[in-house]
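Working notes for the structure below.
Numbering (my numbering), first residue to last: 2 to 774.
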């Protein structure tokens with residue numbers, strides 16, 4: 002045999018003056034660089050806002066090994082298809098959260114909370130030991146690399162999100178005194194529920210003993226699981242660490258879901274940009290947002306909303322694949338869908354109804370087109386319906402959680418109605434309320450104007466993914482308009498639906514502009530900038546003082562509210578007619594929609610002003626007493642999770658209207674159940690509230706005898722009053738806020754003083770004839 006030497010071609014390495022430029026482009030094209038920069042920026046913001054470096058390191062290690070890695074491996078195995086590496090990581094991280102929660106609940110219920118850690122350990126071990134599973138450690142190579150400009154665009158949007166969190170949330174919610182003294186009213190309640198789920202599954206309301214918890218509480222279970230796994234305090238998780246990866250993974254998952262549905266990478270970036278920085282354009286210079294548009298602020302103030310939104314997105318991605326008839330790994334995708342839906346069930350109550358509505362519209366459209374039942378859509382509908390029924394019966398106990406039929410409540414309570422004084426006359430003069438509703442309708446048409454792009458190719462609306470997201474979006478919008486809630490909870494339907502309305506609108510925009518070449522992108526960007534400039538010009542002409550009904554009267558107020566919209570409409574129509582005259586016939590619609598879409602980014606300067614003002618805001622009134630954290634943790638560390646605590650404070654504030662019942666910080670820092678602390682956000686409180694008449698925050702406590710027995714132990718301590726708490730109610734500890742309603746000086750004679758920190762004191766109620774261990 003003659004050996005033939007085959008020359009080996011060595012890849013050429015660029016040299017000379019252009020070599021450095023080639024290497025630079027190669028480095029910048031890697032998705033690791035923007036991801037690393039975002040991570041570094043997040044760490045810098047966390048450190049700048051007082052987060053311990055050790056907690057950041059431990060949390061990052063747990064997130065990577067305990068959540069992301071097992072989630073990615075299971076996602077790749079069951080989904081079968083290899084996509085972008087970013088898609089695997091984002092969807093896998095969300096799936097990892099679902100697995101974490103679903104494993105933690107039974108572990109906590111049987112009394113061994115750390116037992117859930119066996120799930121990631123066994124998962125990683127299985128994928129390392131079994132040869133058939135090892136291939137899932139590898140990605141898709143270069144085929145799995147995202148476009149460089151997508152990576153950098155997403156990094157910029159993520160950085161904006163992190164900066165907003167650092168300024169608007171982190172610096173307002175410190176980890177030490179006095180930083181934690183003035184939190185947003187809901188945050189102590191969230192913290193109390195995290196503590197409750199750390200120690201009890203199923204949980205009850207921790208700040209009122211014996212009250213059932215009919216609520217979506219799986220986000221608290223996630224933080225409780227992380228706390229058990231890492232030893233990080235619940236406050237640090239809630240105020241700093243937990244929300245960041247959930248929100249960022251949700252943004253990436255949203256972008257990739259949008260890419261799958263629209264078929265365009267630029268459409269995916271536009272969806273996320275609209276969600277993060279886009280707002281309904283306000284032509285009024287006196288308000289950046291006058292209508293409810295489901296903005297993204299809920300990500301930090303509502304951990305349940307952020308958690309539910311992130312979990313729902315991979316489910317929609319899977320439904321898109323299934324509804325489009327992708328049969329590859331069909332069984333695995335159904336398993337993934339079931340896992341995600343199980344977690345969504347207790348994450349946020351708004352998402353399963355939206356999924357049902359989206360699937361119902363998909364079924365109707367497919368049946369009308371195919372004239373036969375769409376089996377995949379029907380199966381998915383049945384699966385979601387089962388989880389929805391479980392949530393309503395088991396988790397929520399059939400309770401409405403304060404939600405009731407109250408048409409147009411969101412319009413009556415909007416900034417437009419309240420700033421102008423329309424609300425007091427809304428029932429007396431319907432035309433004013435009709436004007437507010439008309440502003441809402443026009444605003445929504447502008448925000449989601451991309452839907453009109455389907456005029457170019459109406460057949461694109463038959464894509465099964467389009468009626469899915471459109472049905473979800475329109476149902477959220479309708480629920481927001483039809484229902485009411487004492488705490489405006491109906492707005493969460495719109496917040497939950499907003500990403501899917503944006504996807505539907507961008508789907509239409511992609512239909513109108515199917516080929517986005519570089520020159521087209523320049524035109525689109527220019528037209529969008531022109532649209533934003535038109536809004537800013539109208540805002541400048543409208544002035545900065547809000548017109549009011551009391552000052553102007555009805556006729557003048559109507560004109561002041563209408564003429565900015567007329568001016569905006571005239572400017573946009575004029576610009577569109579100019580475009581139509583000079584552009585090709587097929588491009589006029591696309592250019593007009595680009596112009597309209599740009600108006601949603603006109604509020605970006607106003608958002609930047611809000612961030613700048615918040616960075617230098619004056620301290621807010623303190624609602625938490627000094628020493629709360631230290632005294633609370635002392636009691637937590639020296640008592641049993643089943644011990645009951647009584648306190649002398651119940652009102653977050655006391656006004657002429659009554660006691661503001663949202664006082665939760667004692668149960669939050671002690672992680673113990675209270676006989677009576679605050680009673681806001683309970684089923685009974687929400688049921689007694691009357692919309693626009695009697696706030697749920699002012700509803701009195703429903704058991705006057707229990708409240709009287711509780712307070713008598715502090716105001717008139719005696720063997721009888723203290724013994725009543727111990728013997729009738731099972732109270733073991735007293736937590737005293739000495740800065741408010743200072744207790745009687747006789748209290749130490751009947752209860753054993755144990756600990757004091759700042760203005761907080763802890764007492765123990767011994768059993769007759771017993772001393773403390």
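All C-beta atoms, glycine included, are put in the ideal place defined by N, C-alpha and C.
The structure presented is a predicted model; accordingly, all values stated were derived computationally and were not measured.
For the region 271-357, the continuous alpha helix (DSSP H) assignments of 4+ residues that do not extend past its boundaries occur at 299-302, 304-324, 331-346, in sequence order.
Three or more beta-carbon pairs drawn from the region 636-655 and the region 717-732 are found closer than 8 Å, and the two stretches are therefore classed as touching.
The beta carbon of residue 325 is closer than 8 Å to those of 464, 465, 466 in its chain, skipping five residues each way along the sequence. Distance between residue 731 and residue 177, taken at the CA atoms: about 32 Å. By the 16-neighbour rule on beta-carbons within 10 angstroms, residue 678 is buried. Assigned with DSSP and collapsed to three states, residue 85 falls in coil, not helix or strand.
Our two residues, residue 609 and residue 626, have alpha carbons roughly 33 Å apart in a direct line.
Under the three-state reduction of DSSP, residue 575 is assigned to helix. For residue 664, the secondary structure class from DSSP, reduced to helix, strand or coil, is coil.
The DSSP assignment places complete alpha helix (DSSP H) segments of no fewer than 4 residues inside the region 506-560 at 519-543, 550-553, in order along the chain.
Residue environment analysis places residue 706 among the exposed positions, since fewer than 16 neighbouring C-beta atoms fall within 10 angstroms of its C-beta. The C-beta of residue 123 has fewer than 16 other C-beta atoms within 10 Å across all chains shown, which makes the residue exposed.
Beta-bridge partners assigned by DSSP to residue 761: 738, 758. Looking at the DSSP output, residue 675 shares a beta bridge with 646. Only buried fits residue 751, as 16 or more other CB atoms lie within 10 angstroms of its CB. Fewer than three Cβ pairs drawn from the region 98-107 and the region 260-267 lie within less than 8 Å of each other, which leaves the two stretches out of contact.
In this structure, 149 is the residue among 452, 228, 149, 594 with its C-alpha nearest to the C-alpha of residue 35. Spatial neighbours of residue 603 in its own chain (CB-CB distance under 6 Å, excluding positions within 5 residues in sequence) are listed in chain order as 282, 533, 536, 537. For the pair residue 737 and residue 634, the Cα-to-Cα distance works out to about 14 Å. About 4 Å separates the beta carbon of residue 314 from that of residue 254, a gap short enough to meet the 8 Å contact definition. Taking the Cα positions, residue 591 is about 30 Å away from residue 562. Residue 263: member of the alpha helix (DSSP H) spanning 244-263, first to last residue. As DSSP reads the structure, residue 435 sits in no beta bridge. Here residue 528 is near residue 596, since their CB atoms are less than 8 Å apart. Secondary structure of residue 485 (DSSP, three-state): strand. The alpha-carbon separation between residue 697 and residue 487 amounts to approximately 6 Å. Assignment of residue 655 by DSSP, reduced to helix, strand and coil, places it in the strand class. Looking at the DSSP output, residue 405 sits in a beta bridge with 485. Non-local beta-carbon contacts of residue 457 in its own chain, meaning distances under 7 Å to residues more than five positions away in sequence, involve 512, 513, 590 in chain order.
Apart from sequence neighbours up to five positions away, the residues of its chain that approach residue 322 with a beta-carbon distance below 7 Å are 334, ordered along the chain. By a beta-carbon distance limit of 8 Å, residue 509 does not contact residue 494. Their separation comes to about 22 Å.
Boundaries of the alpha helix (DSSP H) harbouring residue 416: 416-421, taken from the DSSP string.
According to DSSP, residue 209 shares a beta bridge with 677.
Taking a C-beta distance under 8 Å as the contact criterion, residue 443 and residue 433 do not qualify as a contact pair.
Secondary structure note for residue 162: its alpha helix (DSSP H) is the uninterrupted segment 149-169. Rounded to the nearest angstrom, the gap between the Cα atoms of residue 229 and residue 544 is 54 Å.
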